[in-house]
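Protein chains in written order, with this note's numbering: chain A, 61 to 496; chain B, 57 to 369. Heads up, the beta-carbon is just placed ideally off N, CA and C, and yes, glycines get one too.
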């Protein structure tokens, strides 16, 4: 059986092109990429997908997702997160280790991969913990974790305070070919804080998290990269000074990469006004000046990756007093429309934007994904870039609905997602869209 | 139409200049009731008011209780230890349960900033913020403004210093919003560890040293130092705080001759305020307490007295 995706505009994030191409998919792989109107297949053995007026993107790769399983299945499961990911155009998700138990051993990594196989939707790539129990004391067994299927190690959720431990982790991770992803936060500086420390926190009386709590650790990781020569990836960059530190590190040729999340280039700290716990996230939403700097960092290549930091929480953790609410927001189904808004604003070209959600994260994690090319696995998404809609809770396939973007206008919707030639998400029009 | 069109009193930010003047004027006319032989009028007869104090409080709680009783409302008091919150009930569930009993007003004191806003979002009853975390304490600010107006005849154009832990003070935040709105010039003072970032954006001046901050001031407001802040590295010792930031006679004398000194209570004598100042001729601290009752009577009356007005919240 052959699948023919016809009349779409295919985005190549490596050549940075958007071309009028048909895709011929066979045996789960992309067999041919042909100009429109040149394919002559026998019609009895061909399934045709019409992509007229649509973009055909490489399947998106999220290198920073919280799938909550094992331990917090009431917030999200690998299956529900996979569905949300597929609906958001993602074909690969790297899931963070702060589960219960944390992913600090082969048995947890294998469990995650088994659950992913049961869900059988998108590719799941476990990120393991840097330290046993995420306690910041002893390194986990990086080699064994790598063999079990982990693609990286991270302290996300439980930042490494001990700089010596971080240094050794970087050296050891490189030997095993694991990406090392740092959540940069000085826990002493941020302690008790619930939003960005600045004009808004002062005005609405909430304890602040200073920008410096991120920046001092970003600088620590840069110093350690210089010391050891080992690569390090900075997670969820949120401040202007972090961007400029990373920019200078890259100019100096240090092996530092960085990601940000869509909320850091879409919202500022004023979103917290009214004590909206869905706008409570760590690192916190910063100032408009920081938002501008993040956009500049994306535009000039300082920030390599757009990741979601999808962090599902149930109403039990969100419909409470602001200081008692959990940090985090979901993002799998909003990442692409928010990134397309950057294209519309002229911050990035379309291929540049897509590269930060495909080729770049795939390269950092060293996974085979991120590009539509002949012979590659047929992981892709068909997207209507122009459709406008108000995001509603019903649209969200994640188990949790904690998003400050619910009720906001979005532009760009995923029509279909394919993993290995198999359709894992296809948008069927809900009633309220009928007759449009 | 002149009137008070709010369901809740959550903070000073929601009040217009006209709202504030209406509250102060109403308090002025109600104050006299507390000086009668029979200190009670039937205005709020049949109304029920729940005082829900999740944090300990003597002054504010008693003040609301007295105010409600003088207006003949029925009052009920809940504290964290006697409520289901110790049994793990969420604030929203507690609110829904209280709403089921159909009270007219809930007065809430809570340790979390924004808790009254959350409560108000799920309750039909009016919610009065009696202090939320480090955010606001609007009735305190209103009684302070009432006291200032009573003593000085006006608020507009006055020079006012607020000294203490501005960052963690809901009294300071409410007063800053209210006083600047009413046209006073506010200067905040205290150790740099206690002055929040970008406070100038709220329209105030910063002068860390109280000796300089009080110069030319008509009103000096001293904030209570919370002793547990010492462990948060905000100041080294109470002794040193008193030495550099405590309001003593020598400092007060640098202010205007007819200065008034205020404190929201309870005082740490010898720490943020010296006894000769607290008990001195410029002190209006006990007037503040008396006026607190009048202000709370006014707010209760405006929120639930008479015909229901159209809320525009």
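{"Asked": "With a threshold of 9 Å between beta carbons, is residue 383/A in contact with chain B?", "Found": "yes"}
{"Asked": "Helix, strand or coil, according to DSSP, for residue 144/B in the structure here?", "Found": "coil"}
{"Asked": "What is the rounded straight-line gap between the Cα of residue 505/A and the Cα of residue 440/A?", "Found": "Since the first residue shown for chain A is 61 and the last is 496, residue 505/A is missing from the structure and cannot be characterised."}
{"Asked": "So is residue 200/B in contact with chain A if we call contact Cβ pairs under 9 Å?", "Found": "no"}
{"Asked": "Anything in chain A within Cβ reach of residue 173/B, meaning under 8 Å, just list it in chain order.", "Found": "334 and 335"}
{"Asked": "Any Cβ of chain A within less than 9 Å of the Cβ of residue 231/B?", "Found": "no"}
{"Asked": "According to DSSP, residue 477/A sits in a beta bridge with which residue or residues?", "Found": "441/A and 485/A"}
{"Asked": "With 9 Å as the limit, tell me which residues of the stretch 252–274 of chain A have their beta carbon closer than that to any beta carbon of chain B; keep them in chain order.", "Found": "252, 254, 257, 258, 259, 260, 261, 262, 263, 264, 265, 266, 267, 268 and 270"}
{"Asked": "Within the chosen definition, does the stretch 205–217 of chain B reach the stretch 183–190 of chain B through at least 3 CB pairs nearer than 8 Å?", "Found": "no"}
{"Asked": "Might you give, ordered along the chain, the residues of its own chain that have their beta carbon closer than 6 Å to the beta carbon of residue 104/B, omitting 5 neighbours on each side?", "Found": "130, 159 and 160"}
{"Asked": "What would DSSP say about residue 87/B, mapped onto helix, strand or coil?", "Found": "helix"}
{"Asked": "Within the 9 Å Cβ cut-off, does residue 153/B reach chain A?", "Found": "no"}
{"Asked": "I'd like the ranges of any alpha helix (DSSP H) spanning at least 4 consecutive residues and lying wholly in the stretch 264–336 of chain A.", "Found": "272–288, 300–311 and 322–326"}
{"Asked": "Going by C-alpha distance, which of 88/A, 311/A, 416/A and 247/A is nearest residue 322/A?", "Found": "416/A"}
{"Asked": "Would you report the Cα separation of residue 102/B and residue 357/B, rounded to the nearest angstrom?", "Found": "13 Å"}
{"Asked": "Short of 6 Å in beta carbon distance, which residues of its chain neighbour residue 339/B, apart from the five on each side in sequence? Order them along the chain.", "Found": "317"}
{"Asked": "Since residue 411/A sits in a beta bridge, which residues does DSSP pair it with?", "Found": "BP columns for residue 411/A are empty, so no partner."}
{"Asked": "Between residue 290/A and residue 234/A, which are expected to be in contact by the criterion C-beta below 8 Å, what is the C-beta distance as a whole number of angstroms?", "Found": "5 Å"}
{"Asked": "For the putative contact between residue 412/A and residue 456/A, defined by C-beta atoms under 8 Å, what is the C-beta separation to the nearest angstrom?", "Found": "With a Cβ gap of about 28 Å, residue 412/A and residue 456/A do not count as contacting."}
{"Asked": "Any C-beta of chain B within less than 9 Å: which residues of the stretch 61–77 of chain A qualify?", "Found": "none"}
{"Asked": "Below 7 Å CB to CB, which residues in the same chain sit around residue 366/B once its five sequence neighbours on both sides are set aside?", "Found": "Low per-residue confidence applies at residue 366/B: pLDDT is 47, beneath 50, and the placement is therefore not dependable, though the value from the model is reported in the following sentence. Hits under 7 Å: 61."}
{"Asked": "Answer yes if the stretch 383–392 of chain A comes into contact with the stretch 431–450 of chain A, meaning at least three C-beta pairs across the two stretches below 8 Å, and no otherwise.", "Found": "no"}
{"Asked": "Can you tell which of 177/A, 209/A and 306/A has the C-alpha that lies nearest to the C-alpha of residue 353/A?", "Found": "306/A"}
{"Asked": "So the beta strand (DSSP E) residue 81/A belongs to, where does it begin and stop?", "Found": "77–86"}
{"Asked": "Quick one, which of 269/B, 256/B and 206/B has its alpha-carbon nearest residue 223/B's?", "Found": "256/B"}
{"Asked": "Between the alpha carbons of residue 72/A and residue 364/A, how many angstroms are there, rounded?", "Found": "16 Å"}
{"Asked": "Can you give the Cα-Cα distance for residue 395/A and residue 148/A, rounded to whole angstroms?", "Found": "7 Å"}
{"Asked": "Out of 189/A, 194/A and 217/A, state which residue places its alpha-carbon closest to the alpha-carbon of residue 205/A.", "Found": "189/A"}
{"Asked": "On the premise that residue 228/B lies in contact with residue 218/B, defined as a C-beta separation below 8 Å, what is that separation, rounded to the nearest angstrom?", "Found": "5 Å"}
{"Asked": "Keeping to the same chain, check which residues put their C-beta closer than 6 Å to that of residue 465/A; ignore five residues upstream and five downstream.", "Found": "394 and 451"}
{"Asked": "Contact between the stretch 319–335 of chain A and the stretch 366–380 of chain A: three or more CB pairs below 8 Å?", "Found": "yes"}
{"Asked": "Could you give the C-beta distance for residue 116/A and residue 442/A, rounded to a whole number, given that I count them as a contact under 8 Å?", "Found": "6 Å"}
{"Asked": "By the 7 Å beta-carbon criterion, what residues does the stretch 177–196 of chain B contribute toward chain A?", "Found": "189, 190, 191 and 192"}
{"Asked": "Here's the rule: buried if 16 or more other CB atoms are within 10 angstroms of the residue's CB, otherwise exposed. What is residue 491/A?", "Found": "Confidence in residue 491/A is poor, its pLDDT being 42 and thus under 50, which makes the residue's placement unreliable; the coordinate value appears in the next sentence. Exposed: under 16 other Cβ atoms inside 10 Å."}
{"Asked": "Work out the CA separation of residue 454/A and residue 494/A for me, nearest whole Å.", "Found": "Confidence in residue 494/A is poor, its pLDDT being 37 and thus under 50, which makes the residue's placement too unreliable to answer from."}
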